[in-house]
């Protein structure tokens, strides 16, 4: 062997020419004694390879030319092409599936090539390159033979500086996006990027090869032809043909066309399991991805779960306004798969085979993580299989689709399948309190209620019940954010299957999901009340949901949600009354302050004031003479009146019970003193007491007058005064 060229630290390093005894010659770059960088290798028989090398092997774009004018063009790994510059007919593309393509989030998916940093590098991989981790104390350099040693970062920087010292400086350019996320191809792209300043020494335009353009080159050579045949025969299921191509050694089992569509993917999408096994046995990478980020496994999932197989779920309710479309090309190509159940079974067997042979469910980058397919299709068996094979449960949909996790969607899947899927996901220990990115979304029934205009209240900045009547909330400040899985489960309105929703909620709570977080002002408890799921209410109260948790939305507390007219259609009158009693038994404070707002004005009242506020929003029912209302409206009027009377009675009982704890004589004097002329008020040492209508329970937006005989109770109108006198106060006064 003969070498003519540059040296560095006693190593062939830089530009040079190598001659071998067999007549072959290499002209190009070397790095510490190895062929590395762009160069040309010529053989005595007239063959010639021009391309990129790394440690004496082809690694990147290159062209092998033959004496007859044929050329093999593409990306090379050692002596084989692994990516062509041509397109194989019938290749799989996500563009044929617009319903899935919408899951791609360009901003979050893009990675960029850098010489300094591997976009997929983990911190621990830096350790072998730090000088302090390599050299023993007192040792400052390697021995001359470095082939068996890890080269430190400082030494490599010196070698690079010498290697690139005469290469031209490049103008500022945008970073190169990662064209293919397969780890081997990422390393290859980094190697190409590192040597981009040396591309001028290459006789061909490297960018043409990288972009998959072949029109300027000669006819395909034997390796290109064999590679194309391998992909096509794999797609047809020609086992013998695939075996013959692999055996002659001209095609790599991982060969892909210009789109990254591999022979393995071609066999898998057509369910040729024998060919899949043959390719994997021959060394094909089961996790190799196409340029779109699809592995063979993810392509099979897209075909196994067409969009119409997904069950409707409230977790994604904002994102179902599209129409499902399939291109005719796809329908024709895979018509057997869509219409014959045996083909679907065959595809499931292919999925199982790929997973059994090491397919990583976390490898593909697009469309959504494979776990979402199985969860959205309510396929509990597939969810279990994916989790057993290491599928991550902490993945999310793109922000534009709400940032949902698999658990969010599982919590909304109806039926027993939803319960099973939730159980499987919980076994993988996900973040139960993970929030979706929908914190600004308004709960559906609240949108409707906000559109109905009612009677304007005359708020007078009332202060509400004195502090002694209710215990102030002392719990932690509720955390606002997007929906948790528990919020979604409590929001379900599949009333025919409330048992299944209850079971999902129970599972989440048993695994310590937080029942006291807020989404757009709603807690899980208020959502369960609004959706009409009383079984869920019981579970939440049993597992620590606080009925006095202050809410920040249109409802102010769980009790306010129970008396709101916005959610009354979910229950009968008896059920609504029973719900109020259930909340009171669980510790809900009917005298807890409730803030009412109208424009810039506000006042503090109770849940009874809130109930009347919502009642008056329906002007037709609240302010139309009873005999003018229709039969259904009269029934609704009576239903609302029954609930108002019941909650008022509960308020009255609570106030009387509370006031019995105090000195009755002092309380009597305070109430009487409050009603004498204000000139004498300063002479009275009054006990703070709660002024409310003794009949209807209201304390806000009403003018209260004391009983003229005892001065111990107040009423807001002549109607309430007479009714209160006839029903109870005659005996008390």
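In my numbering, the protein residues as written are 1488 to 2220.
Built from N, CA and C at the ideal position, the CB exists for glycine as well.
On a predicted model such as this, the values are computed, not experimentally measured, just so you know.
Residue 1577 has its alpha-carbon roughly 12 Å from the corresponding atom of residue 1721. Of the residues 2141, 1782, 1683 and 1755, the one whose Cα lies closest to the Cα of residue 1660 is 1683. When the Cα atoms are used, residue 2050 and residue 2136 turn out to be separated by approximately 14 Å. A direct Cα-to-Cα measurement between residue 1678 and residue 1744 gives close to 21 Å. By the criterion of at least three beta-carbon pairs nearer than 8 Å, the segment 1504 to 1512 is not in contact with the segment 1647 to 1667. Shown here, residue 1560 sits in a strand according to DSSP, grouped into three states.
In the displayed model, residue 2091 falls within a strand according to three-state DSSP.
Rounded to whole angstroms, the separation of the alpha carbons of residue 1771 and residue 1529 is 30 Å.
In this structure residue 1758 is not in contact with residue 1738, their Cβ atoms being roughly 22 Å apart against a cut-off of 8 Å. Exposure of residue 2143 is indicated by the presence of fewer than 16 other C-beta atoms within 10 angstroms of its C-beta.
Residue 1499 has its alpha-carbon roughly 24 Å from the corresponding atom of residue 1563. For residue 2202, DSSP records a beta bridge to 2192.
Nearest C-alpha to residue 1495 among 1506, 1488 and 1516: 1516.
Distance from the Cα of residue 1686 is smallest, within the candidate group 2124, 1859, 1540 and 1916, for 1540. Note that the C-beta distance between residue 1798 and residue 1865 is below 7 Å.
Around the beta-carbon of residue 1846, 16 or more other beta-carbon atoms lie within 10 Å, marking it buried.
Counting C-beta atoms within 10 angstroms of its own C-beta, residue 1658 has fewer than 16 neighbours from the protein chains shown and is therefore classed as exposed. Annotated as proximal: residue 2002 and residue 2027, with beta-carbon spacing under 7 Å. By the neighbour-count criterion, in which 16 or more other beta carbons inside 10 Å mark a residue as buried, residue 1997 falls on the exposed side.
Residue 2202 is positioned such that its CB atom lies no closer than 7 Å to that of residue 2220.
The Cβ atoms of residue 1862 and residue 1916 do not sit closer than 7 Å to each other.
By the C-beta criterion, the segment 2075 to 2088 is judged to be in contact with the segment 1943 to 1956, since at least 3 inter-stretch pairs fall below 8 Å. Per DSSP, reduced to three states, the secondary structure at residue 2152 is helical. In this structure residue 1851 is not in contact with residue 1876, their Cβ atoms being roughly 13 Å apart against a cut-off of 8 Å. With fewer than 16 neighbouring CB atoms inside 10 Å of its own CB, residue 1491 falls in the exposed class.
Residue 2025 and residue 1913 have their C-alpha atoms spaced approximately 22 Å apart. DSSP places residue 1493 in the uninterrupted beta strand (DSSP E) bounded by 1489 to 1495.
Proximity of the segment 1983 to 1992 to the segment 1884 to 1902 meets the contact definition, three or more beta-carbon pairs being nearer than 8 Å. Between residue 1853 and residue 1780, the beta carbon gap of about 4 Å places them in contact (Cβ cut-off 8 Å). With respect to residue 2190, residue 2207 sits apart: the two C-beta atoms are not nearer than 7 Å.
Distances from the alpha-carbon of residue 1994 to those of 2009, 2019, 2030 and 2021 put 2030 closest. Residue pairing of residue 1529 in beta bridges, as defined by DSSP: 1512 and 1535.
Spanning the alpha carbons of residue 2055 and residue 2022 requires a straight line of approximately 17 Å.
In this structure residue 1950 is exposed. Its beta-carbon is surrounded by fewer than 16 other beta-carbon atoms within 10 angstroms.
Between the alpha carbons of residue 1565 and residue 1574 lies a gap of roughly 22 Å.
Remark: C-beta atoms of residue 2077 and residue 2141 approach each other more closely than 7 Å.
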